[in-house]
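K.L.:
The structure is given below, and queries will be raised subsequently.
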Amino acid sequence: MLASYQGQLWARISARKPRGLNLSGVAMVRFAVGRAGELISVELAASSGNAALDRLALRTVRNAGPFPPPPATVEGDQLVFTIPFSFH
1 MLASYQGQLW ARISARKPRG LNLSGVAMVR FAVGRAGELI SVELAASSGN AALDRLALRT
61 VRNAGPFPPP PATVEGDQLV FTIPFSFH
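Here the sequence shown stands for residues 1 to 88, where the numbers follow UniProt numbering.
This is the structure:
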């Protein structure tokens, strides 16, 4: 159930990812989603080494919210995810 929800979030974030960049790198982004699907926090867990790509990764996650609410079977007030955000 949680894996399916993660897939929904990643698809939503990926759909907002800018295309056609001539830069490459991987930024690790950590974000928290609340019970109603609201984006509680977003931060850089590991830098790509390029400040512009890091900012773009954070902005893309922010722009993807609000998210669908998590499944009712998931416990806790928020879910925290860390995803690799790749640019090639």
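Even glycine gets a Cβ: it sits at the ideal position worked out from N, Cα and C. Remember, it's a predicted structure, so these values are computed and weren't measured experimentally.
(1) Can you tell me which of the three DSSP states threonine 82 falls into?
(2) Leaving aside the five residues before and after glycine 65 along the sequence, list all residues of the same chain whose C-beta is less than 6 Å from its C-beta, in chain order.
(3) If you reduce the DSSP assignment to three classes, tell me which class alanine 27 lands in.
(4) Which same chain residues end up closer than 6 Å to proline 69 when comparing Cβ atoms and leaving out the 5 residues on each side of it in sequence?
(5) Got a sec? Which residues, its chain only, sit under 6 Å from lysine 17 by beta carbon, not counting five neighbours each side?
(6) Using the Cα positions of leucine 53 and glycine 76, report the straight-line distance between them to the nearest angstrom.
P.N.:
Once the coordinates are examined:
(1) The residue given as residue 82 occupies position 82 in the sequence shown. Looking at threonine 82 - three-state DSSP - the assignment turns out to be strand.
(2) Position 65 of the sequence shown, counted from the start, is the residue given in the question as residue 65. Here the set comprises Leu39.
(3) Within the sequence shown, residue 27 is the residue found at index 27, counting from 1. When secondary structure is reduced to three states using DSSP, alanine 27 falls in the strand class.
(4) The residue labelled residue 69 in the question sits at position 69 within the sequence shown. Once the five neighbours on either side are set aside, the close Cβ partners of proline 69 are Ala36 and Gly37.
(5) Counted from its first residue, the sequence shown places residue 17 at position 17. Annotation for lysine 17: Thr60 place their beta carbon closer than 6 Å to its own, counting only its chain and skipping 5 residues before and after.
(6) Indexing the sequence shown from 1 puts residue 53 at position 53. Indexing the sequence shown from 1 puts residue 76 at position 76. Their Cα atoms are separated by approximately 32 Å.
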